[in-house]
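Residue numbers (UniProt numbering): 1 to 222. Every residue, glycine too, gets a C-beta built ideally from N, C-alpha and C. To start, the structure under review is shown below, and the notes come after it.
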Amino acid sequence: STGRPKGVMIEHRAAVNTLLDVNERVALAPSDRVFGISSLSFDLSVWDVFGTLAAGAALVLPAATSRPDPVGWAARAADCGATVWNSVPALAQMLAEATEPGAAPPVRAFLMSGDWIPTTLPDLLRSRWPDVRLIAMGGATEASVWSNIHEIDEVDPAWPSIPYGVPLRNQTMRVLDHRLGLCPPWAVGRIHIGGSGLSRGYWADEERTAERYFHHPDTGER
Numbered sequence: 001s002t003g004r005p006k007g008v009m010i011e012h013r014a015a016v017n018t019l020l021d022v023n024e025r026v027a028l029a030p031s032d033r034v035f036g037i038s039s040l041s042f043d044l045s046v047w048d049v050f051g052t053l054a055a056g057a058a059l060v061l062p063a064a065t066s067r068p069d070p071v072g073w074a075a076r077a078a079d080c081g082a083t084v085w086n087s088v089p090a091l092a093q094m095l096a097e098a099t100e101p102g103a104a105p106p107v108r109a110f111l112m113s114g115d116w117i118p119t120t121l122p123d124l125l126r127s128r129w130p131d132v133r134l135i136a137m138g139g140a141t142e143a144s145v146w147s148n149i150h151e152i153d154e155v156d157p158a159w160p161s162i163p164y165g166v167p168l169r170n171q172t173m174r175v176l177d178h179r180l181g182l183c184p185p186w187a188v189g190r191i192h193i194g195g196s197g198l199s200r201g202y203w204a205d206e207e208r209t210a211e212r213y214f215h216h217p218d219t220g221e222r
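In structure tokens, the structure reads:
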């Protein structure tokens with residue numbers, strides 16, 4: 001978000017924990033074709049590359065362009081039979097808007113993260129892909145790409161946002177107050193991520209690591 005690399009030190013086992021869990025939830029198989037729309041400098045590409053190859057699936061890459069080309073993406077995805085799409089919500093919306101109903105590539109699952117998901121987007125995507133799975137995820141680079149997941153079914157018109165979801169396997173997400181106490185339902189607090197996905201810290205930045213990473217004084221959890 002800042003344009004400056006964070007230098008987050010991710011252990012292999014932390015990344016693998018995320019990749020294998022997501023692969024299982026998406027039921028990724030050798031027959032799948034994942035459309036790798038995310039830049040290789042963006043952490044979503046970690047799953048595109050290593051999650052895809054770990055399942056024996058194929059990774060489809062779009063043509064290299066300096067500007068977004070949703071019409072080109074749709075054509076490429078259709079030609080290659082892309083079945084899984086993983087991106088920020090805005091790119092999924094651009095793809096849907098560039099795709100005519102009845103002429104959509106065979107995408108069976110959209111994975112969306114990295115930004116706010118408009119409550120109108122699920123209906124737009126389902127107008128092109130009626131039986132598609134819509135999976136919202138979140139987290140932080142510091143916790144190996146993703147830490148929470150929510151599969152979007154029907155969207156209540158009264159919702160101000162898409163639910164953030166539940167923690168991924170071997171990870172924790174707790175909403176804590178300023179004293180690090182657990183917040184009751186509907187109380188405002190800060191999300192703290194723990195578990196197997198948590199990284200070592202920031203490369204060559206002990207001060208920032210000590211500020212952002214700590215052990216809970218009561219539970220000892222990091």
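{"Asked": "State the Cα-Cα distance for the pair D131 and P106, rounded to the nearest angstrom.", "Found": "10 Å"}
{"Asked": "Given 8 Å as the limit, is there contact between the segment 4 to 20 and the segment 143 to 154, that is, 3 or more CB pairs closer than that?", "Found": "yes"}
{"Asked": "R174: which of I162, G139, G201 and S161 sits nearest, CA to CA?", "Found": "G139"}
{"Asked": "What separation, rounded to the nearest whole angstrom, lies between the Cα atoms of A187 and D79?", "Found": "48 Å"}
{"Asked": "Once the 5 residues before and after S1 are set aside, which same chain residues still bring their CB inside 7 Å of it?", "Found": "Unreliable positioning characterises S1 in this predicted model, as indicated by a pLDDT of 49, which lies under 50. The coordinate reading is nonetheless provided below. Excluding positions up to five away in sequence, the list is empty."}
{"Asked": "Using C-beta distances below 8 Å, list every residue in its chain close to D115, excluding the 5 sequence neighbours before and after it, in chain order.", "Found": "V88, P89 and A90"}
{"Asked": "Relative to the C-alpha of P160, which residue among T119, I193 and I191 is closest?", "Found": "T119"}
{"Asked": "Taking the beta strand (DSSP E) that R133 falls in, what are its first and last residues?", "Found": "R133 to G138"}
{"Asked": "Closest to L61 by C-alpha separation, out of V34, A55, A96 and L125, would be which residue?", "Found": "V34"}
{"Asked": "Taking the Cβ atom as the reference point for each residue, do E151 and I135 lie within a distance shorter than 8 Å?", "Found": "yes"}
{"Asked": "Where does F50 sit, in a helix, a strand or coil, going by DSSP?", "Found": "helix"}
{"Asked": "Just reading off the alpha helix (DSSP H) that V39 is part of, what are its end residues?", "Found": "The sequence given here has Ser at residue 39, not Val. Segment: none, S39 is in no alpha helix (DSSP H) and carries neither H nor E."}
{"Asked": "Which of the three DSSP states is assigned to W85 in this structure?", "Found": "strand"}
{"Asked": "At the level of alpha carbons, what is the spacing between R200 and Y213?", "Found": "9 Å"}
{"Asked": "For my contact list, D32 and T83 are in at a C-beta cut-off of 8 Å; report their separation, rounded to the angstrom.", "Found": "5 Å"}
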